[in-house]
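K.L.:
The numbering used here applies: residue 4 is where the sequence shown begins, and numbers increase by one.
We put the CB at the ideal spot given by N, CA and C, even for glycine.
Note that the coordinates shown come from a computational prediction; the quantities given were computed from them, not determined experimentally.
First the structure, then my questions, so here it is.
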Amino acid sequence: MADDNLCTYCNQLATTRDHIPPKLLFSRPRPSNLATVPACLQCNQSFSADDEYARMVLLSHHGASHTTFEDQVERLSRALVRPEGAGLKKEFLRPFVASGVFNQERDQDKPVAVQFDLARVSRVIARTAIGLHRIHYSERLVPEYGAFAADLDAVAKMPNSVDSLKNYLFESINDVTDTCRPLEWGEQAVVFVFGRSLHDPRQSVWRFRFYGGAEFGVWTVPREHAVELNGSVYCPEE
Ligand SMILES: [Zn+2]
C-alpha cells in the first residue's frame, strides 16, 4: 500500500515513529508494549509539549488516581498553590474553552475551579485515536476523515439545542461500551474500547479513560459533516 510510507497525521513522507498512546502519558519505566506509527519529523517534534500538558490536565481530573502517578499528582497540586508555581498556573490558564471545566482542589478547604485548555488536551486524544486506528485497522485514516475528541462530561452538559448530536455521540459511545472488550496500557493508566461502523469502516468510535478519571470519546467521521454511525458497531479482531 502506497500509504505505508506516509505520516499518520499528515500527507508528508514519514521518517520517524510516534508512540501510541503518547509515551509521555505514562510514568517511568514506560510500558514496553507501546505501539508506534509512522510519522513525519515535523509532526513528531510538535507533539511533546501538548502530550505533557495533557498528562497534567488528565491527572488533575477529579476522580483521577493512579498508583504509578501518586507522587506526581501531589506535586502538581502543590505546584499550583505555590507562588513559584505561577508559570505553571499561567500555562494552565492561558487559553480557555467555554465548556468542560475540570475541578482542581488547590486548597484543602477551598475547592477552586481551574479552567484547562481542553481543546489542547482533545488534540492529543484525537491523535491517539488516529494512531490506534492505523494500528488496529492496518490502515491510515484518509485525509477526508477527521477525528473529533470530546470530554464526555462536557458532552453530557451540552445544551438541548444540540440534542440530536448529543444523542448520536452518546449512542455510539454506549454501543462500543456494551459490545467491545476494553484494552489497557500501563496498569490501566489508559483504558479504551473502540469499534467502527459496519456501514462505513472509516467511521470509528473510541472511549478512553485516563488514570481512572477523565473520560473522553473520539469519533472519526468525514470532515465535511458528522455522519451518524447508525448504531452499528464492529468490534475489531483481537
Ligand atoms: Zn506529519
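Going by the beta-carbon positions, is the gap between valine 196 and arginine 210 smaller than 7 Å?
P.N.:
Here residue 196 refers to the residue found at position 193 of the sequence shown. Here residue 210 refers to the residue found at position 207 of the sequence shown. Cβ distance < 7 Å, so valine 196 and arginine 210 count as in contact.
K.L.:
Whole angstroms is fine: what's the gap from proline 32's alpha carbon to tyrosine 56's?
P.N.:
Start at 1 with the first residue of the sequence shown, and residue 32 comes out as number 29. Start at 1 with the first residue of the sequence shown, and residue 56 comes out as number 53. If you take the alpha carbons of proline 32 and tyrosine 56, they lie about 19 Å apart.
K.L.:
Helix, strand or coil: how does DSSP classify serine 51 here?
P.N.:
Here residue 51 refers to the residue found at position 48 of the sequence shown. Helix at serine 51.
K.L.:
Any beta carbon from chain C within less than 7 Å of alanine 157's own beta carbon?
P.N.:
Reference to chain C is not applicable here, since this structure consists of a single protein chain.
K.L.:
When you get a sec, list the residues whose CB is within less than 5 Å of any heavy atom of ligand 3, chain order please.
P.N.:
In the structure on display, ligand 3 does not appear, and the ligands it does have are ligand 1.
K.L.:
Mark arginine 226 as exposed unless 16 or more other C-beta atoms lie within 10 angstroms of its C-beta, in which case mark it buried.
P.N.:
Position 223 of the sequence shown holds residue 226. Arginine 226 should be labelled exposed.
K.L.:
If the criterion is Cβ atoms closer than 7 Å, does the pair arginine 137 and arginine 130 meet it?
P.N.:
On the sequence shown, residue 137 is found 134 positions in, with the first residue counted as 1. On the sequence shown, residue 130 is found 127 positions in, with the first residue counted as 1. Their beta carbons are not under 7 Å apart, which means arginine 137 does not touch arginine 130 by this criterion.
K.L.:
Check whether the Cβ atoms of leucine 44 and threonine 11 lie closer than 7 Å to each other.
P.N.:
As a working note, residue 44 is residue 41 in the sequence shown. As a working note, residue 11 is residue 8 in the sequence shown. Against a cut-off of 7 Å, the Cβ pair of threonine 11 and leucine 44 comes out as no contact.
K.L.:
Is it buried or exposed, glycine 220, if we count other Cβ atoms within 10 angstroms and call 16 or more buried?
P.N.:
Numbered from its first residue, the sequence shown carries residue 220 at position 217. That one is buried.
K.L.:
According to DSSP, is tyrosine 148 helix, strand or coil?
P.N.:
Your numbering for residue 148 matches position 145 in the sequence shown. The answer is strand: DSSP assigns tyrosine 148 an E or B state.
K.L.:
Could you tell me which of Asp178, Asn14, Val124 sits nearest to serine 51, measuring between CA atoms?
P.N.:
Residue numbering aside, residue 51 sits at position 48 when the sequence shown is read from its first letter. Cα-wise, what sits closest to serine 51 is Val124.
K.L.:
Serine 207 lies in the beta strand (DSSP E); which residues open and close that run?
P.N.:
For the purposes of this step, residue 207 is taken as the residue at position 204 of the sequence shown. Per DSSP, serine 207 belongs to the beta strand (DSSP E) from 207-213.
K.L.:
Just tell me which of Lys169, Leu168, Leu155, Tyr140 has its CA closest to the CA of serine 200.
P.N.:
Along the sequence shown, read from residue 1 onward, the residue named residue 200 stands at position 197. Ranking Lys169, Leu168, Leu155, Tyr140 by Cα distance to serine 200 puts Tyr140 first.
K.L.:
Buried or exposed: where does proline 114 fall if 16 or more other Cβ atoms within 10 Å of its Cβ makes it buried?
P.N.:
By 1-based counting over the sequence shown, the position of residue 114 is 111. With a pLDDT of 38 at proline 114, under the threshold of 50, the predicted position of this residue should be treated as unreliable, and no value is reported.
K.L.:
Using the Cα positions of histidine 69 and tyrosine 214, report the straight-line distance between them to the nearest angstrom.
P.N.:
Start at 1 with the first residue of the sequence shown, and residue 69 comes out as number 66. Start at 1 with the first residue of the sequence shown, and residue 214 comes out as number 211. So the two alpha carbons sit approximately 5 Å from each other.
K.L.:
Distance check for serine 35 and arginine 126, CA to CA, integer angstroms please.
P.N.:
Counting from 1 along the sequence shown, the entry for residue 126 is found at position 123. Counting from 1 along the sequence shown, the entry for residue 35 is found at position 32. Cα to Cα, arginine 126 sits roughly 24 Å from serine 35.
K.L.:
Do phenylalanine 173 and tryptophan 222 have their CB atoms nearer than 7 Å?
P.N.:
Mapped onto the sequence shown, residue 173 falls at position 170. Mapped onto the sequence shown, residue 222 falls at position 219. It is not a contact, given that the beta carbons lie outside the stated cut-off.
K.L.:
So which of Pro162, Val208, Leu9 has the shortest CA-CA distance to valine 40?
P.N.:
One-based indexing of the sequence shown puts residue 40 at position 37. Comparing Cα-Cα distances from valine 40 to each of Pro162, Val208, Leu9, the minimum goes to Leu9.
K.L.:
Could you name the residues of the same chain whose beta carbon sits closer than 6 Å to that of histidine 22, not counting the 5 residues immediately before and after it, in chain order?
P.N.:
Reading the sequence shown from its first residue, position 19 is the one you call residue 22. Excluding positions up to five away in sequence, the list reads Leu37, Thr39.
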